[in-house]
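Just so you know, UniProt numbering puts 306 at position 306 of the sequence shown, and the rest follows in order with no gaps.
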Amino acid sequence: MPAFFFLSEVGGYNPAVVVDVEMSQLVRELKTRISAEAGVPEGQQMLFLNGQPVQDDQSLSERLVVPGSIKQDYRAVAEYLSRQLTRHVIVRLITVATIEVGPLTYGDRPIEIDVTPSTTVSEIQTEIRDPWGIPLDQQRIFSISGGRELRGYVTASESGIEAEGFGRLRLEAVGTLYVRADTLDGGFASIYALSSDSVACVREMVQRETSFPPDYQRLMLDDHELKAGYLWNHLKERSCSVLLSLKRPLRVRVRDSANTVVLLTVSPCISVESIRHALWREGYDRNSRLTFNGRRLAKDERLSDRTLSAVRRGAELPVDDCVRGSPFTIFVKDLCGRSLKITCYDHYKTEDVKARIEDLRGISPEAQRLCYSIHQLEEGRPLHYYGITGESTLHLLFRLLGS
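Structure below.
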């Protein structure tokens with residue numbers, strides 16, 4: 001896929017030099033390549049495309065270098081070169097296709113699955129495949145305790161889930177594969193691939209999306225160029241936790257600073273962040289601090305962790321420097337005249353009301369505009385700042401995302 005440049009030179013005619021470059025590279029980098037191949041100092045080079053000089057800080061994509069941009073037969077070129085005392089530099093444009101391996105889940109979070117004692121590993125793998133897109137033949141499920149791989153017929157009961165109503169397994173698989181390749185116009189194409197694809201198959205997909213033939217591609221994975229074989233030969237498996245829980249809710253006791261005890265009905269594998277959200281629904285601050293045995297709990301800790309086994313058996317979770325707010329009721333009316341009744345608390349801010357609306361109507365906070373009287377409610381402001389009390393009516397407007 002050659003494009004032709006002309007390099008001015010004081011001396012006589014020399015044979016053509018072939019240089020491989022990428023669309024994203026600058027003319028300055030091209031000169032460095034020419035200097036290495038032909039021995040001509042960069043300061044003595046002048047590059048022309050279609051009769052026009054190109055500047056050092058311009059990219060090749062900016063100059064619209066495309067295959068066949070200069071069409072001359074080699075005899076005419078040779079005659080021109082002999083007259084102009086120039087060297088003929090043939091620049092081959094190549095694309096670098098980089099294979100990117102995504103995580104198994106968003107943020108590498110554990111996968112949570114509700115099961116029954118008779119649920120098999122094969123059924124668990126199907127539950128993993130549907131939302132996360134990991135093919136069944138690429139999943140391997142391991143026991144946490146023994147570290148052995150579990151066969152598809154093994155049930156949740158056989159893995160010991162009935163003891164406390166939850167269990168933890170380990171999934172090993174390859175994350176979602178994407179191939180990012182530069183295009184001729186300076187952009188890029190994102191191509192979905194499978195670990196079972198061959199290198200030749202990936203090159204064909206890149207050619208369809210970018211028009212670069214396989215010989216003009218460099219397929220890279222972790223700074224190594226792939227020449228042949230299948231992708232799975234070059235990929236490493238990733239692992240994440242699979243949390244299994246029976247539909248057997250737990251009762252968790254939470255004691256606040258005013259010595260009030262709140263009983264929460266939760267899943268055995270619930271995270272501390274979700275417990276805080278459940279407390280927020282009960283009238284506590286969304287930034288409440290949960291502690292246990294004098295240690296502040298991180299938001300990604302779970303009730304199923306060994307360190308919180310006493311809580312599962314009935315020990316109380318203290319919530320520090322936080323008391324339950326006083327409830328009152330407000331109404332939110334939209335443009336269609338529909339009214340929504342919301343229970344608020346005296347420490348509520350604008351974002352708390354928006355979160356309540358999201359819970360009840362599914363409208364994201366970013367798409368909401370709340371108004372009271374002549375004021376638009378701002379983030380971070382408590383409701384009492386605007387004089388909002390019980391039975392007040394707020395008006396909900398919709399914001400176009402991006403506006």
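Glycine included, each C-beta is placed from N, C-alpha and C at the ideal position.
Backbone CA spacing between residue i and residue j [nearest angstrom]
i: Cys269; j: Arg276; result: 14 Å
i: Glu225; j: Lys236; result: 16 Å
i: Ala76; j: Ile94; result: Residue placement at Ala76 cannot be trusted, given a pLDDT of 47 that sits under 50; what the coordinates show is reported in the next sentence. Roughly 26 Å separates the two Cα atoms.
i: Leu7; j: Arg203; result: For Leu7, the pLDDT reaches just 45, beneath the cut-off of 50, and the residue's location in the model is therefore unreliable, although a value from the coordinates is still provided. Taking the straight line from one Cα to the other gives about 33 Å.
i: Tyr385; j: Ser267; result: 37 Å
i: Asn293; j: Gly187; result: 55 Å
i: Ser239; j: Thr119; result: 22 Å
i: Cys201; j: Gly147; result: 35 Å
i: Ser24; j: Asp56; result: 13 Å
i: Ile363; j: Leu335; result: 14 Å
i: Ala193; j: Glu366; result: 34 Å
i: Glu282; j: Ser326; result: 10 Å
i: Arg33; j: Leu221; result: 24 Å
i: Asp321; j: Tyr284; result: 11 Å
i: Arg302; j: Glu316; result: 15 Å
i: Ile124; j: Leu171; result: 11 Å
i: Val179; j: Leu264; result: 46 Å
i: Ala36; j: Leu136; result: 50 Å
i: Lys227; j: Tyr348; result: 60 Å
i: residue 467; j: Val101; result: Outside the modelled stretch of the chain, which goes from 1 to 403, sits residue 467, for which no answer is possible.
Contacts around residue i, its chain only, beta-carbon distance under 6 Å, and the 5 residues preceding and following it disregarded
i: Val115; result: Ala156 and Leu244
i: Phe212; result: Thr95
i: Ser339; result: Phe331 and Lys333
i: Leu279; result: Ser288
i: Pro214; result: Arg203
i: Ala181; result: Thr95, Ala97, Ala189, Val206 and Thr210
i: Leu377; result: Thr350 and Leu370
i: Ser392; result: Ile330
i: Tyr80; result: In this predicted model, Tyr80 has a pLDDT of only 47, less than 50, meaning its place in the structure is not dependable enough to derive any value.
i: Thr307; result: none
Residue i classed as buried or exposed, judged by whether at least 16 other C-beta atoms fall within 10 angstroms
i: Gln354; result: Per the sequence shown, the amino acid found at residue 354 is Lys instead of Gln. The residue in question, Lys354, is buried, as its Cβ has 16 or more Cβ neighbours within 10 Å.
i: Lys31; result: buried
i: Gly39; result: exposed
i: Thr105; result: buried
i: Ser271; result: buried
i: Ile357; result: buried
i: Asp300; result: exposed
i: Ser69; result: Note that Ser69 scores a pLDDT of 42, beneath 50, so its modelled location is shaky; the value from the coordinates is reported in the next line. Ser69 comes out exposed.
i: Val242; result: buried
i: Val254; result: buried
i: Gln217; result: buried
i: Gly380; result: exposed
i: Ile128; result: buried
i: Gly167; result: buried
i: Leu397; result: exposed
Nearest candidate by alpha-carbon position, reference residue i, set the options
i: Leu184; options: Tyr284, Gly362 and Glu22; result: Glu22
i: residue 458; options: Ala310, Gly102 and Ser122; result: Lying outside 1 to 403, the shown extent of the chain, residue 458 is not represented and no answer is given.
i: Gly160; options: Tyr178, Gly380, Leu246 and Asp223; result: Leu246
i: Ile99; options: Cys371, His375 and Ser190; result: Ser190
i: Glu273; options: Phe398, Val319, Ser59 and Leu383; result: Val319
i: Met46; options: Arg28, Ile374 and Gln125; result: Arg28
i: Asp256; options: Leu250, Glu162 and Thr291; result: Thr291
i: Ala163; options: Leu397, Ser373, Cys344 and Arg313; result: Arg313
i: Leu399; options: Val18, Gln368 and Leu177; result: For clarity, residue 399 is Arg in the given sequence; the question names Leu instead. Nearest C-alpha to Arg399: Gln368.
i: residue 415; options: Asn259, Val199 and Gly387; result: Residue coverage of the chain in this structure runs from 1 to 403, which leaves residue 415 outside it and unanswerable.
i: Ser304; options: Tyr372, Glu112 and Glu37; result: Glu112
i: Ile134; options: Thr176, His375, Pro110 and Asp20; result: Thr176
Residue i CB to nearest heavy atom of the ligand MG below 7 Å
i: Phe331; result: As presented, the structure is devoid of all ligands, the ligand MG included, so that no description of it is given.
Beta-ladder partner(s) of residue i, from DSSP
i: Ala181; result: Ala97 and Ala189
i: Gly167; result: Leu244
i: Pro327; result: Tyr345
i: Thr291; result: Arg296
i: Tyr216; result: Answer is none; Tyr216 lacks a bridge partner.
i: Cys371; result: Gln376 and His395
i: Glu42; result: Looking at the DSSP assignment, Glu42 forms no beta bridge with any residue, so it has no partner.
i: Val262; result: Val254
i: Gln52; result: Leu49
Spatial neighbours of residue i in its chain, beta-carbon cut-off 7 Å, leaving aside the 5 residues before and after
i: Gln138; result: Ala173, Val174 and Ser195
i: Arg296; result: Arg289
i: Thr389; result: Phe328
i: Val154; result: Thr120 and Val121
Spatial neighbours of residue i in its chain, beta-carbon cut-off 8 Å, leaving aside the 5 residues before and after
i: Ile342; result: Thr329, Ile330, Phe331, Val332, Val353, Arg356, Ile357 and Leu360
i: Leu150; result: Val121, Ile141, Phe142, Ser143, Ser159 and Leu169
i: Pro53; result: Met46 and Leu47
i: Pro117; result: Thr155, Ala156, Ser157, Ile161, Glu162 and Leu246
i: Ser373; result: Tyr386 and Gly387
i: Gly152; result: Thr120, Val121, Ser122 and Gln125
i: Leu394; result: Ile330, Phe331, Val332, Lys333, Val353, Leu370, Cys371, Tyr372, Leu377 and Ile388
i: Leu26; result: Asp56, Asp57, Gln58, Ser59 and Leu60
i: Gly165; result: Ser245, Leu246, Arg248, Leu250 and Pro268
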